[in-house]
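To start, the structure itself, in structure tokens.
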Amino acid sequence: MTHLFGLADCNNFYASCEQVFQSDLRGKPTVVLSNNDGCVIALSKEAKSLKIPFGIPYFKMKATPEYRHVQVRSANFTLYGDMSNRVMDTIALNVPDTEIYSIDECFIDYNGVPNAEAHAKQLSETVRQWTGIAICIGLGPTKTLAKLANRKAKKEACGAVDVTDMDIRNDILKETEIGDVWGVGRRWKARLLLQGINTAYDFSRMDRRLARDMMGVVGLRTVDELNGISCQDLEFITPDKQNLCISRSFGDTIHTLDGMKERIHYFSTRATEKLRSGGLVASAISVFVRGNRFRPELPQYSNSVTVSLDGSTSDTGEILNAALYGLNKIYRPGIPYKKAGVLLLDLHPKEQAPSNLFTKSNPQREKLMHTMDGLNSKFGPGAVSYGQIPQSRTWYMSQKMLSNRFTTHWRELLVAK
Numbered sequence: 321m322t323h324l325f326g327l328a329d330c331n332n333f334y335a336s337c338e339q340v341f342q343s344d345l346r347g348k349p350t351v352v353l354s355n356n357d358g359c360v361i362a363l364s365k366e367a368k369s370l371k372i373p374f375g376i377p378y379f380k381m382k383a384t385p386e387y388r389h390v391q392v393r394s395a396n397f398t399l400y401g402d403m404s405n406r407v408m409d410t411i412a413l414n415v416p417d418t419e420i421y422s423i424d425e426c427f428i429d430y431n432g433v434p435n436a437e438a439h440a441k442q443l444s445e446t447v448r449q450w451t452g453i454a455i456c457i458g459l460g461p462t463k464t465l466a467k468l469a470n471r472k473a474k475k476e477a478c479g480a481v482d483v484t485d486m487d488i489r490n491d492i493l494k495e496t497e498i499g500d501v502w503g504v505g506r507r508w509k510a511r512l513l514l515q516g517i518n519t520a521y522d523f524s525r526m527d528r529r530l531a532r533d534m535m536g537v538v539g540l541r542t543v544d545e546l547n548g549i550s551c552q553d554l555e556f557i558t559p560d561k562q563n564l565c566i567s568r569s570f571g572d573t574i575h576t577l578d579g580m581k582e583r584i585h586y587f588s589t590r591a592t593e594k595l596r597s598g599g600l601v602a603s604a605i606s607v608f609v610r611g612n613r614f615r616p617e618l619p620q621y622s623n624s625v626t627v628s629l630d631g632s633t634s635d636t637g638e639i640l641n642a643a644l645y646g647l648n649k650i651y652r653p654g655i656p657y658k659k660a661g662v663l664l665l666d667l668h669p670k671e672q673a674p675s676n677l678f679t680k681s682n683p684q685r686e687k688l689m690h691t692m693d694g695l696n697s698k699f700g701p702g703a704v705s706y707g708q709i710p711q712s713r714t715w716y717m718s719q720k721m722l723s724n725r726f727t728t729h730w731r732e733l734l735v736a737k
């Protein structure tokens with residue numbers, strides 16, 4: 321049976337989300353900055369036409385005369401996450417099944433859909449009308465070919481491209497550099513170039529035994545997928561997470577244990593909220609701290625510690641106590657700390673977690689956690705917290721050019737006049 325996959329990918333997603341709600345940004349070069357307004361992580365099509373390098377530090381971009389008219393926004397992940405949900409929901413309403421691949425990409429099951437390319441073009445227009453976000457869709461008999469078709473659709477600025485036709489497929493393979501093939505990273509790209517394999521077409525004609533010897537099963541599957549042999553099906557059930565990390569670089573360095581405790585407290589609280597929202601529990605927590613590696617003249621220090629929990633849990637109090645215990649073990653005075661974080665380990669769905677003979681579940685504690693989550697969901701993050709933490713958190717992240725959360729906060733909704 322011949323498969324037909326689609327890959328829907330939002331165009332310039334973060335910048336597009338900003339432009340949807342801010343008409344003064346439309347048609348203007350716009351960039352989005354990383355946490356703490358550090359570097360450029362997203363560009364609008366107008367910004368790309370200026371050849372602004374992806375990842376350029378903001379202070380360098382700001383000092384470049386030809387970039388001074390560029391519109392700049394701080395990363396607004398609350399807005400981007402909600403807009404992603406709207407796009408994915410719109411797509412799911414119009415196709416048999418989907419697999420969400422990232423915040424701005426999803427694979428689509430197009431098996432049995434008549435005139436799939438026309439349907440995909442209409443779907444891209446529907447998403448634009450309903451959400452304001454432009455998408456392109458690539459169609460192909462494998463996921464890898466659907467990815468390449470999507471790249472072609474973006475280059476041609478059209479709604480969809482179908483590569484089921486062999487002639488169209490071979491043309492696209494010949495114009496695709498080997499480093500642009502899904503799954504071929506920098507290391508494999510260098511090795512393949514040494515073998516004279518410069519394009520996706522060359523890779524598709526590579527001897528299967530050589531591909532397996534060089535790249536293992538993954539390389540062999542990629543060769544097969546480029547030849548239209550599907551080796552990856554849609555994943556309708558998202559695999560369980562194995563760990564969950566909350567970390568941040570700080571706008572200003574931290575010099576005190578109390579200051580670091582405040583941050584670890586916040587990270588642990590957020591991590592346990594995410595844990596419970598996914599119906600998961602953790603068996604251990606790792607805490608790490610780092611100095612400022614970009615300032616070599618300052619004292620340098622980096623360390624981490626892993627603390628086992630008393631059984632699998634998602635209780636904020638238990639995880640917070642373990643995190644602060646770990647911090648006390650690795651904290652060293654006299655260091656200007658620039659980054660810290662917590663990593664929850666050995667995650668399991670709550671109903672599948674390993675049992676512990678020496679600990680018992682506490683229904684009252686579970687009810688307390690549920691009540692806290694409900695209040696924070698209704699009144700906003702941090703409305704109710706475990707213990708006392710400052711509400712301002714001015715240290716948390718520098719976002720001097722942050723736009724409104726136009727879709728998720730009552731006070732920041734657009735107002736029609």
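Just so we're on the same page, this note's numbering is the position in the sequence shown counted from 1, plus 320. Note that beta-carbon positions come from the ideal geometry of N, C-alpha and C, so glycine has one too.
Checking 7 Å against the spacing of the C-beta atoms, do residue i and residue j come in under that value?
i: Val415; j: Ile423; result: no
i: Ala328; j: Val352; result: no
i: Gly505; j: Val481; result: no
i: Val450; j: Thr398; result: With the sequence shown as reference, residue 450 is identified as Trp, and Val is not the correct amino acid for it. No, the pair does not count as a contact, with Cβ atoms beyond the cut-off.
i: Gly289; j: Tyr586; result: Only positions 321 to 737 of the chain appear in the structure, and residue 289 is not among them; the question remains open.
i: Ile549; j: Tyr657; result: no
i: Leu540; j: Arg525; result: no
i: Val627; j: Tyr645; result: yes
i: Trp502; j: Thr462; result: no
i: Ala466; j: Phe325; result: yes
i: Asn518; j: Ile498; result: yes
i: Arg393; j: Met721; result: yes
i: Ile488; j: Cys330; result: no
I believe residue i touches residue j by the beta-carbon criterion, under 8 Å. Please report the beta-carbon distance rounded to the nearest angstrom.
i: Asp544; j: Ala604; result: No, Asp544 and Ala604 are not in contact; Cβ-Cβ is about 39 Å, not under 8 Å.
i: Ala473; j: Val483; result: Not quite, the Cβ-Cβ distance comes to about 10 Å (not below 8 Å), so this is no contact.
i: Thr496; j: Ala531; result: With 8 Å as the limit, Thr496 and Ala531 do not qualify as a contact, their Cβ atoms being about 17 Å apart.
i: Ser567; j: Lys659; result: 7 Å
i: Glu425; j: Gly479; result: Not quite, the Cβ-Cβ distance comes to about 16 Å (not below 8 Å), so this is no contact.
i: Phe726; j: Phe341; result: 4 Å
i: Glu437; j: Leu554; result: Not a contact, Cβ separation roughly 19 Å.
i: Met534; j: Arg511; result: 6 Å
i: Asp630; j: Arg685; result: With 8 Å as the limit, Asp630 and Arg685 do not qualify as a contact, their Cβ atoms being about 13 Å apart.
i: Leu640; j: Ser588; result: 5 Å
i: Val607; j: Ser632; result: Incorrect: roughly 18 Å between the Cβ atoms, too far for contact.
i: Tyr621; j: Ile584; result: The pair is not a contact, with the Cβ atoms about 16 Å apart (cut-off 8 Å).
i: Asn356; j: Ser697; result: With 8 Å as the limit, Asn356 and Ser697 do not qualify as a contact, their Cβ atoms being about 27 Å apart.
i: Lys374; j: Leu363; result: The sequence as given places Phe at residue 374; Lys does not occur at that position. At roughly 7 Å, the Cβ-Cβ gap stays under 8 Å, so Phe374 and Leu363 are in contact.
i: Ile647; j: Met580; result: For clarity, residue 647 is Leu in the given sequence; the question names Ile instead. Confirmed, Cβ separation roughly 6 Å.
First and last residue of the beta strand (DSSP E) that includes residue i?
i: Gln391; result: 391-394
i: Leu644; result: Here Leu644 belongs to no beta strand (DSSP E); instead the alpha helix (DSSP H) covers 636-650.
i: Glu425; result: 425-429
i: Glu419; result: 417-422
i: Arg568; result: 563-574
i: Val627; result: 622-633
Can you list, in chain order, the residues of its chain whose CB lies under 7 Å from that of residue i, leaving out five sequence neighbours each side?
i: Asn563; result: Leu663, Leu664, Leu665, Leu667
i: Ser712; result: Only weak support exists for where Ser712 lies, its pLDDT of 49 falling under 50; the coordinates are left without a value.
i: Gly599; result: Pro669, Lys670
i: Ser354; result: Ile361, Ala395
i: Cys348; result: It is Lys, not Cys, that sits at residue 348 in the sequence shown. Answer for Lys348: Glu366, Gln391, listed in chain order.
i: Lys594; result: Leu564
i: Leu413; result: none
i: Thr728; result: Thr398, Asp402
i: Leu301; result: Nothing can be reported for residue 301: it is not among the residues displayed for the chain, which extend from 321 to 737.
Counting only the same chain and skipping the five closest in sequence on each side, list residues whose C-beta sits under 6 Å from that of residue i.
i: Pro377; result: Cys359
i: His439; result: Val433
i: Pro653; result: none
i: Leu577; result: Tyr651
i: Ala736; result: none
i: Ala643; result: Ile584, Ser588, Ile605, Val607, Val662
Go to residue i, then tell me how far its alpha helix (DSSP H) extends in each direction, as first and last residue.
i: Tyr400; result: 397-414
i: Lys371; result: Segment: none, Lys371 is in no alpha helix (DSSP H) and carries neither H nor E.
i: Tyr586; result: 577-597
i: Arg388; result: No alpha helix (DSSP H) holds Arg388; DSSP gives it neither H nor E.
i: Ser697; result: 683-699
i: Arg471; result: 463-475
i: Arg615; result: Careful: Arg615 lies outside any alpha helix (DSSP H) and carries neither H nor E.
i: Lys441; result: 436-451
Using a Cβ-Cβ distance under 7 Å, would residue i count as near chain C?
i: Arg590; result: Looking for chain C here will not work: only one protein chain is present.
For the ligand NAD, I want to know if residue i counts as a neighbour, meaning its beta carbon is within less than 6 Å of at least one of the ligand's heavy atoms.
i: Thr576; result: Inclusion of the ligand NAD in the displayed structure is not the case, the ligand content being empty and no account of it being possible.
Can you find the residues in the same chain that come closer than 8 Å, C-beta to C-beta, to residue i, ignoring five residues on each side of it along the sequence?
i: Cys337; result: Asn396, Leu399, Tyr400, Met403, Ile453
i: Pro619; result: Gly611, Gly654, Ile655, Pro656
i: Asn547; result: Ser524
Exercise. In the region 493-554, which residue ranges form an unbroken alpha helix (DSSP H) of at least 4 residues, counting only runs that do not cross its ends?
Worked result: 506-514, 520-524, 528-546
Exercise. Which runs of the alpha helix (DSSP H), 4 residues or longer, sit entirely within the region 325-377?
Worked result: 333-341, 365-369
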